[in-house]
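Asker:
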Amino acid sequence: MTRYSLDRLHEEVAYVAFHFHWPYHDIMQLDHRERQRWVAEIARINERVNEQGGGRR
């Protein structure tokens with residue numbers, strides 16, 4: 018089993034917290050696979066917004 022980088026964990030937590038405004042405790046309750054799933058979903062949302070020339074106006 019490979020140890021998960023603490024830096025990578027912090028990066029994922031910050032990413033989800035920033036985009037979904039979820040509290041730290043809730044994000045830390047997610048297992049690794051579920052947290053990565055949310056990171057991927059946020060990335061897809063961001064890609065769609067960027068492709069539409071978007072972002073907040």
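For the sequence shown, the working numbering gives the first residue as 18, with consecutive numbering after it. Backbone N, C-alpha and C define an ideal beta-carbon position, used for all residues, glycine too.
Please state if the CB of residue 52 and the CB of residue 62 are separated by a distance shorter than 8 angstroms.
Answerer: Position 45 of the sequence shown, counted from the first residue, corresponds to residue 62. Position 35 of the sequence shown, counted from the first residue, corresponds to residue 52. No, the pair does not count as a contact, with Cβ atoms beyond the cut-off.
Asker: Determine the burial state of residue 68: buried for a count of at least 16 other Cβ atoms within 10 Å of its Cβ, exposed for fewer.
Answerer: Taking the first residue of the sequence shown as 1, we reach residue 68 at position 51. By the beta-carbon neighbour count (other beta carbons within 10 angstroms, threshold 16), residue 68 is exposed.
Asker: Just checking my contact of residue 33 with residue 59 at CB under 8 angstroms: how many whole Å lie between their CB atoms?
Answerer: As a first step, residue 33 is located in the sequence shown; it is residue number 16 there, counting from the start. As a first step, residue 59 is located in the sequence shown; it is residue number 42 there, counting from the start. That belief holds up - the Cβ atoms of residue 33 and residue 59 are roughly 7 angstroms apart, short of 8 angstroms.
Asker: Do residue 38 and residue 21 have their beta-carbon atoms positioned less than 8 angstroms apart in this structure?
Answerer: The residue you call residue 21 lines up with position 4 of the sequence shown. The residue you call residue 38 lines up with position 21 of the sequence shown. Taking a C-beta distance under 8 angstroms as the contact criterion, residue 21 and residue 38 do not qualify as a contact pair.
Asker: Would a check of beta-carbon distances place residue 48 closer than 8 angstroms to chain E?
Answerer: Structure shown: chain E not included; a single protein chain is present.
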